[in-house]
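Trainee: Protein chains in written order, with the numbering used here: chain A, 1 to 116; chain B, 1 to 112.
Positions of the beta carbon are idealized from the N, C-alpha and C atoms, including for glycine.
A single structure is presented below for examination.
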C-alpha cells in the first residue's frame, strides 16, 4: 500500500462508547497530523506529531486522545464524545514539521464520524 | 488570529469554461499550497508555491504566488466534469514558521 491510509472509513458511535481511529503512512515521513473537518468551516488542526513527539495540541478537548507509537502510525482515541464532534477526521503526514518551511502535507481519505 | 479569505465560496460553471479562485491573507506569507478534495476523500495536493511572483502549472491548472505575498490565485482552464470538488488554499505566514492555515474552500460545480 502507498500513501496515507485511514481506518475505519465510517464510524457511528454512541456518546458513551470508546473507539479509536487509525492512520498509517507509507511515505517515510516524520510528521503526522490530525485534522477535524466540519461542513463549511476551514480544516481545524487538532494535533501534530514530529518524530513521534507531540508538538501541537490546539486546545482539543480531552475526550480526544492521540497516540503516536512510531513515525508511521497515528491513532486518535475517542471517548464520551458529543454530537457536535460528528465530522470528517483527516490524518496527514509530511516530511517534517516546522523548521522554517511549510512542508507539503499528504492526506488520508478520512474517517466519517457520526456521534449519536 | 490569522485568517485566509478564500473566494468565491462556490461556483457553478459550464463545461469548457475557465475558472479562477483566490486566497488572501492579512499578513505576508512564505508558502502557498493548493489542494483539491473530492466528495468522501481527503484533500490532494495540486500545486505548491514558494516564491513571490512564482507561476506554476499542473496540466490545466495554474497557480500564482501574488507579488505582494498576501495572496494566491488558482486558475483552471477548459473545465471538465471531473474538476468538480472543493479547492482549498493553505499558507504559512512569514511571522511564524511553525504555523499554517487553510482557507474555507471553493466548491466547484461543472455542468456538462
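1) Listed from N- to C-terminal order along the chain, which residues in the stretch 36–59 of chain B have their beta-carbon within a distance smaller than 9 Å of any beta-carbon of chain A?
2) Between residue 74 of chain B and residue 63 of chain B, is the Cβ-Cβ spacing less than 8 Å?
3) Once DSSP output is grouped into helix, strand and coil, what is the label at residue 38 of chain B?
4) I want to see whether chain B comes within less than 8 Å of residue 110 of chain A, judged by CB atoms only; does it?
5) Tell me the DSSP secondary structure of residue 24 of chain A in three-state form.
6) Does the beta carbon of residue 102 of chain B fall short of 7 Å from some heavy atom of the ligand MG?
7) Which same chain residues, not among the five before or five after residue 16 of chain B, have their C-beta less than 7 Å away from its C-beta?
8) Helix or strand or just coil, what does DSSP make of residue 82 of chain B?
9) So, for residue 86 of chain B: in the same chain, excluding its five sequence neighbours on each side, which residues have a beta-carbon less than 6 Å away from its beta-carbon?
10) In whole angstroms, give me the CA-to-CA distance for residue 25 of chain A and residue 73 of chain A.
11) Tell me whether the stretch 100–116 of chain A and the stretch 47–55 of chain A touch, counting them as touching only if at least three CB pairs, one residue from each stretch, are closer than 8 Å.
12) Provide the residue span of the beta strand (DSSP E) that contains residue 33 of chain A, from first to last.
13) Is there at least one Cβ from chain A nearer than 8 Å to residue 7 of chain B's Cβ?
14) By the 10 Å Cβ neighbour count, where 16 or more other Cβ atoms means buried, how is residue 87 of chain A classified, buried or exposed?
15) When the Cα atoms are used, what is the spatial distance from residue 59 of chain A to residue 14 of chain B?
16) Quick one: does residue 41 of chain A have its CB under 8 Å from some CB of chain B?
17) Give a yes or no on whether the C-beta atoms belonging to residue 107 of chain A and residue 90 of chain A are separated by under 8 Å.
18) Quick check: is the beta carbon of residue 106 of chain A nearer than 8 Å to any beta carbon in chain B?
19) DSSP three-state call for residue 71 of chain B: helix, strand or coil?
20) At least one CB of chain A closer than 8 Å to the CB of residue 74 of chain B: is that the case?
21) Residue 90 of chain A versus chain B: which residues are under 7 Å apart at the beta carbon?
22) Under a Cβ-count criterion, where at least 16 other Cβ atoms within 10 Å of its own Cβ denotes burial, should residue 44 of chain B be classed as buried or exposed?
23) Can you list the residues of chain A that residue 85 of chain B reaches, using a CB-CB cut of under 8 Å?
24) Run through chain A and tell me which residues come within less than 8 Å of residue 12 of chain B, C-beta to C-beta.
Mentor: The answer reads as follows:
1) Taking a C-beta cut-off of 9 Å against chain A, the contacting residues of the stretch 36–59 of chain B are 37, 40, 41, 42, 43, 44, 45, 48 and 50, listed in chain order.
2) Yes, the pair counts as a contact, with Cβ atoms nearer than the cut-off.
3) Three-state DSSP puts residue 38 of chain B in coil, outside helix and strand.
4) Yes, contact with chain B.
5) Of the three classes helix, strand and coil, the one that applies to residue 24 of chain A here is strand, per DSSP.
6) The ligand content of the structure shown is nil, which means the ligand MG is not present either.
7) Within the same chain, residue 16 of chain B has close Cβ partners 78 and 79.
8) In the three-state DSSP reduction, residue 82 of chain B falls in the helix class (H, G or I).
9) Leaving aside the five residues that flank residue 86 of chain B on each side, the residues in its chain whose CB is nearer than 6 Å to its CB run, in chain order, 37, 105 and 107.
10) Spanning the alpha carbons of residue 25 of chain A and residue 73 of chain A requires a straight line of approximately 7 Å.
11) Inter-segment contact for the stretch 100–116 of chain A and the stretch 47–55 of chain A is absent: fewer than three beta-carbon pairs are separated by less than 8 Å.
12) Element bounds for residue 33 of chain A: 31–37.
13) No - not a single Cβ of chain A is within 8 Å of the one on residue 7 of chain B.
14) The residue in question, residue 87 of chain A, is buried, as its Cβ has 16 or more Cβ neighbours within 10 Å.
15) Cα-Cα distance, rounded: 43 Å.
16) Interface annotation, residue 41 of chain A: in contact with chain B, CB-CB separation under 8 Å.
17) Yes. Within cutoff.
18) Interface with chain B (8 Å Cβ-Cβ cutoff): residue 106 of chain A is included.
19) In the structure shown, residue 71 of chain B sits in a strand (DSSP, three-state: E or B).
20) With 8 Å as the cut-off, residue 74 of chain B does not count as an interface residue toward chain A.
21) In chain order: 42.
22) Its Cβ having fewer than 16 others within 10 Å, residue 44 of chain B is exposed.
23) At a beta-carbon threshold of 8 Å, none of the residues of chain A lie near residue 85 of chain B; the nearest stands roughly 13 Å away.
24) Residues of chain A passing the Cβ test: none, with the nearest at roughly 17 Å.
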